[in-house]
Structures are given as structure tokens and as C-alpha cells.
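Undergrad:
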Amino acid sequence: MDYSPILILGALGFTVALVLTGIHCFPGFESVHSGNGACEDPKQNPENISAVIYCAGGNNCSDKYAYQGVETCFAASKIFRGKKECIYGCIGFGDCAQACAEGAISHVKGEIPAVNKNTCTGCGLCVSACPKKIISLVPSKYDVHIKCSSLNAGRYVREICATGCISCGICVKICPTKAIKIENNLAVVNYNKCSNCGLCVERCPANTIERILPVV
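Under the working numbering, the letters of the sequence shown match residues 53 to 268, in that order.
1. Going by DSSP in three states, S129 sits in which element: helix, strand or coil?
2. How is N88 classed by DSSP in three states: helix, strand or coil?
3. How about C107: is its Cβ closer than 7 Å to a heavy atom in the ligand HEM?
4. What are the partner residues of E137, as DSSP defines its beta bridges?
5. Taking buried to mean at least 16 other C-beta atoms within 10 Å of its own C-beta, is P191 buried or exposed?
6. Check whether the region 119-135 touches the region 202-221, taking contact to mean three or more Cβ pairs, one atom from each stretch, closer than 8 Å.
7. May I have the straight-line CA-CA distance separating N100 from G174, to the nearest angstrom?
8. Measure the alpha-carbon distance for E211 versus H197 and round it to whole angstroms.
9. Determine the DSSP secondary structure at V224, reduced to helix, strand or coil.
10. Under the three-state reduction of DSSP, which class applies to A151: helix, strand or coil?
11. For E137, which option in V104, S114, K161 has the closest C-alpha, if you only look at C-alpha atoms?
12. Are there three or more Cβ pairs, one per stretch, closer than 8 Å when the region 242-254 is compared with the region 176-183?
13. List the DSSP bridge partners of S102.
14. In chain order, which continuous runs of the beta strand (DSSP E) of length 3 or greater are located wholly inside the region 226-258?
15. In whole angstroms, give me the CA-to-CA distance for C107 and G144.
16. Please classify S158: does DSSP put it in a helix, a strand, or coil?
17. Let me know the secondary structure DSSP gives C178 once reduced to three states.
18. Can you pull the DSSP bridge partners for D115?
19. When we look at the beta-carbon of V160 and count the other beta-carbons within 10 Å, is it buried (16 or more) or exposed?
20. Roughly how many angstroms separate the alpha carbons of C227 and V241, rounded to a whole number?
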């Protein structure tokens, strides 16, 4: 039977198609515009992209209730949008790690999963698996990431999460390439302008900004 991804619609269909065909390319990058819609070698990562999880909360973020139920992020997200006080952040059950076919995501329950840039193929399965939509594929050459997705006001973020962005603007002021701006109470980086200098990492008062290097 032909399991061509073209015939399978929707996010679930796309995920199924990736698994069945072995194609490890994700829409939006040059590899899907090459004519055949697939990487030349599906087990490689010619675009050199890797997943970034935009949350540093985990145990640093307070809970609003004690969750008792199926321990998946998807299931927990259906009950008051998850147990965390921050409705935007990682729920912490590791659906992304379970979805990763390459074993590139390690996870300890309750903590933020960690992506190994060396083994991540940029397939995007984790992106599809995350109910909070806080995982993106980014060129691996960029090391500096603002690990927060909260759109809450800084004062509230400070109350519920020790590592959330408080939109103080320090990173915006010190960035030598003007790569960072505040949008909807959240600092965001324009990777096309980022020089990986790391000044924002050093100066962030909440330790929201991290430098993520390949595993040696």
C-alpha cells in the first residue's frame, strides 16, 4: 500500500506519514521544496536544524492543583490547560520525548525535556506532539534561546515562575545586534540577527535565556 504523505491530511496524518515513510523533513525548510518533498537521505539532517523547547519552567513553576490522571501532556492539558500556574508552559510529562524516533530528547518527569542537538534530525515529531505548541525547529548554529512562551505580565510571571520572562527589557537594551524585542510581554529573538555573543544570557535576571550547545 502506498502511504504517500500527500494522501494523508491533518497533523495526525502528517505524523503517521513521517513514521511510515521514514521521511524526516519538516515543512517550511528548503528540503521540502526540492521537488520530491523529501530529504535526499531521510536519516540525515541536511538543513542542520534541531528542536528548541521554549520553556524553562518545570519545577521552577508552581502548580495550581495536584494532577491525578493519565500522565501525558495531551491528557493533562485538557484539565484547566494543565496543572502549572503558567498556562503557556511545559506540562512536564514528556510527550515530546515519547514521540522522538531518534531518542534525541531526554526527560525526567516534572522537569523540562532536554534536546540533544547532535542526534536531533529536525523531523518535527516533537513539534506535533506538544499540546502547548512551545517547540520549534531552529537552525542548530544558533545557541542562544529565550526559554519562555508566557504572554503574562512580568509581575505575574515573577510570582509563579522563577525562570519565566518578566519582560524587563534588559536583553533588548544590551543586544549589540538588536536581535531581541519585547512582544506581548515576552522577549523574542530574531535569529537572523543573533550573533551568539551570549551577553543576554549573562545579564538576564531570571535566567530565562540559555545557551544550548551540542553535546560533546
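For each residue, glycine too, the CB sits at the ideal point set by N, CA and C.
Only a predicted model underlies this, so the values are computations on that prediction, with no experimental measurement involved.
TA: Based on what the coordinates show:
1. helix
2. For N88, the predicted structure reports a pLDDT of 32, less than 50, and the residue's modelled location is therefore unreliable. The matter cannot be settled from this model.
3. Among the components of this structure there are no ligands whatsoever, and the ligand HEM is therefore not found.
4. Answer is none; E137 lacks a bridge partner.
5. exposed
6. no
7. 8 Å
8. 22 Å
9. helix
10. helix
11. S114
12. no
13. V190
14. 232-235, 238-241
15. 10 Å
16. strand
17. helix
18. K136
19. exposed
20. 10 Å
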